[in-house]
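These notes concern the structure reproduced below.
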Amino acid sequence: SEGISLQVLTKDSGLDKGMRLRPGPLDLDFNSAFPKRRIPEAYERLLLEVIKGQQYLFVRRDEIEHA
Numbered sequence: 001s002e003g004i005s006l007q008v009l010t011k012d013s014g015l016d017k018g019m020r021l022r023p024g025p026l027d028l029d030f031n032s033a034f035p036k037r038r039i040p041e042a043y044e045r046l047l048l049e050v051i052k053g054q055q056y057l058f059v060r061r062d063e064i065e066h067a
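In UniProt numbering, the protein residues as written are 1 to 67.
Have a look at this one:
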């Protein structure tokens, strides 16, 4: 399933803890968050843009030569 998962530092709650930090997860599962939307596979979007003639997902020759 597609989504985003981050590990973040969070401050412990309460005044007596000072600035104690601890790691905590921050997760987003796209299928759970958007159950009625179909998420296209990676190459589906790429091929659709090719069919539509959109080139913004591709690197131009001058960009490759500059790199």
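From the three backbone atoms N, C-alpha and C, an ideal C-beta is built for every residue, glycine too.
**Report entry** Cβ-Cβ separation, Glu2 to Ile39 (assumed contact under 8 Å), whole Å
**Finding:** 5 Å
**Report entry** Member of Leu57, Val8 and Lys36 whose CA lies at the smallest distance from the CA of Ala42
**Finding:** Leu57
Query - In DSSP terms, what Val8 is bridged to - result: Gly24
Query - Test item: CB-CB of Pro25 and Gln7 under 9 Å - result: yes
Report task. In the DSSP assignment, find the unbroken alpha helix (DSSP H) run with Lys52 in it and report its ends. Result -> Ala42 to Lys52
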